[in-house]
Amino acid sequence: TVTVNPATGAYTYTPTADYYGSDSFVISISDGTGNVSLSTVSVTVSAVVDIAGDTVTTNEDTTVNIAVNANDTFENTGHAITAINGSAVVVGTPILVSNGSVTLKADGTLDFAPAANYNGSTSFTYTMNSGGATETATVTVTVTAVADAPMTVDPAVPGQTFDPATGNYATSTTEDTAVTGQVSAIDGDGDTLTYSVSTTAAHGTVAVNPATGAYTYTPTADYYGSDSFVISISDGTGNVSLSTVSVTVSAVVDIAGDTVTTNEDTTVNIAVNANDTFENAGHAITAINGSAIIVGAPIAVANGSVTLKADGTLDFAPAANYNGATSFTYTVTSGGATETATVTVTVTAVADAPMTVDPAVPGQTFDPATGNYATSTAEDTPVTGQVSAIDG
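At position 78 of the sequence shown (counting the first as 1) the number is 78 in full-length UniProt numbering, and the numbers step up by one without a gap.
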């Protein structure tokens, strides 16, 4: 801006805040009779350094926020960072620099994110625009090394898969069959790694080689389904990584159906487990036709009933006078898994003995429990009655 004394021509020129370079203005001189002269005043504004470099420290793999304006002296409130290493920058968009990246934030500060696992000294420049002029300074960053946690890798074990996004593994096996694999890791600091079981499997046992990470998973006898365990990897300096191994255990049929024959009205005992192949000694019959069963309590089934005995066998009692084919299912629970099979029973017809009934003779009584009769008469007086029977 320019102000001038109209009587003497003395002037004051004030440059825009933070501006430096060439400028000029024109003074008009009038004699009051219409005669006017013009005179130009040229001004050279020398630069004054308003920007200052910055020095910061951060840890390896740790972003640091830098308030670069804090030690600058720009008077123009509209000053703004416009470039990083000479490249135009906008808020929120990272600019790649040596050994990392720089992001301008909305508050005018800068985030420096070191490259993964980098440590050492690095630098970048930032440019400030203020009052139409630009200044550039250097930010020096020291990235301090830190001990890295072990990082899991793929050991390329046949039948085992590896997810690099999570660092976890997956494998599979069949019921009652152990499976081997390996959890493998590398350490950026060259430390010796030790492997151990952090969380054991819910449905099996796990053994791991502490030096190599090779493991053996053995499922619980007769178990099938999903299982998992966690391996801990330590570098001996306090850094620990965890990796989960997921296991799919496929079912193997251990149960087999049974076929038996019995006579009409005759209970038959069936050792249903005799032809099964359950390895788990704790396997037990838990249901008949889908209904829970306990020792000694009969379960009604088609054409009869089934009772579980204390020795693990089943008694099938056919319905009275029934003959023909019938069946029921039994379920065994072993190792947390269940299997179901069918028992087929053939009930052979037998000739039934005649069965007494009540002919309803007056004065005669009948006991259906025994099939016997009773009557009465007076001394020296005959009595009549009737014994009656039916034949099945």
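Positions of the beta carbon are idealized from the N, C-alpha and C atoms, including for glycine.
Integer-rounded CB distance, given that residue j should sit under 8 Å from residue i
| i | j | result |
| --- | --- | --- |
| ASN117 | ASP61 | 7 Å |
| ALA113 | THR40 | The Cβ separation is near 52 Å, so there is no contact. |
| ASP187 | ASP222 | No, ASP187 and ASP222 are not in contact; Cβ-Cβ is about 40 Å, not under 8 Å. |
| VAL68 | VAL139 | 6 Å |
| THR122 | VAL102 | The pair is not a contact, with the Cβ atoms about 11 Å apart (cut-off 8 Å). |
Euclidean distance between Cα positions of residue i and residue j
| i | j | result |
| --- | --- | --- |
| ASN303 | VAL345 | 10 Å |
| THR73 | ALA52 | 8 Å |
| ASN269 | VAL347 | 13 Å |
| SER198 | VAL245 | 11 Å |
| THR194 | GLN182 | 13 Å |
| THR3 | TYR13 | 7 Å |
| PRO155 | SER184 | 6 Å |
Residue i classed as buried or exposed, judged by whether at least 16 other C-beta atoms fall within 10 angstroms
| i | result |
| --- | --- |
| VAL208 | buried |
| VAL387 | exposed |
| SER172 | exposed |
| LEU308 | buried |
| TYR217 | buried |
| TYR11 | exposed |
| ALA274 | exposed |
| ASN71 | exposed |
| PRO164 | exposed |
| MET355 | exposed |
| ASN59 | exposed |
Identity of the residue in the options nearest residue i by Cα
| i | options | result |
| --- | --- | --- |
| SER243 | SER291, THR125, GLY213, PRO362 | GLY213 |
| THR261 | GLY312, SER198, THR313, THR326 | THR326 |
| ASP50 | GLU135, VAL252, ASP254, VAL89 | GLU135 |
| ASP107 | VAL91, VAL97, ALA113 | VAL91 |
| VAL343 | ILE29, ALA374, GLY336, TYR330 | TYR330 |
| GLY120 | MET151, THR356, ASP111, VAL143 | VAL143 |
| TYR20 | SER130, TYR215, PRO359 | SER130 |
| PRO362 | GLY385, ALA353, ASP265, PRO354 | GLY385 |
DSSP three-state assignment for residue i, whether helix, strand or coil
| i | result |
| --- | --- |
| VAL146 | coil |
| ASN323 | coil |
| ASN269 | strand |
| VAL68 | helix |
| residue 405 | One cannot answer for residue 405 here, as it falls past the ends of the chain, which runs 1 to 392. |
| PRO155 | coil |
| THR175 | What sits at residue 175 in the sequence shown is Glu, not Thr. Note: GLU175 maps to coil in three-state DSSP. |
Check: residue i C-beta below 7 Å from any heavy atom of the ligand ATP
| i | result |
| --- | --- |
| VAL64 | Although the ligand ATP was asked about, the structure shown includes no ligands whatsoever. |
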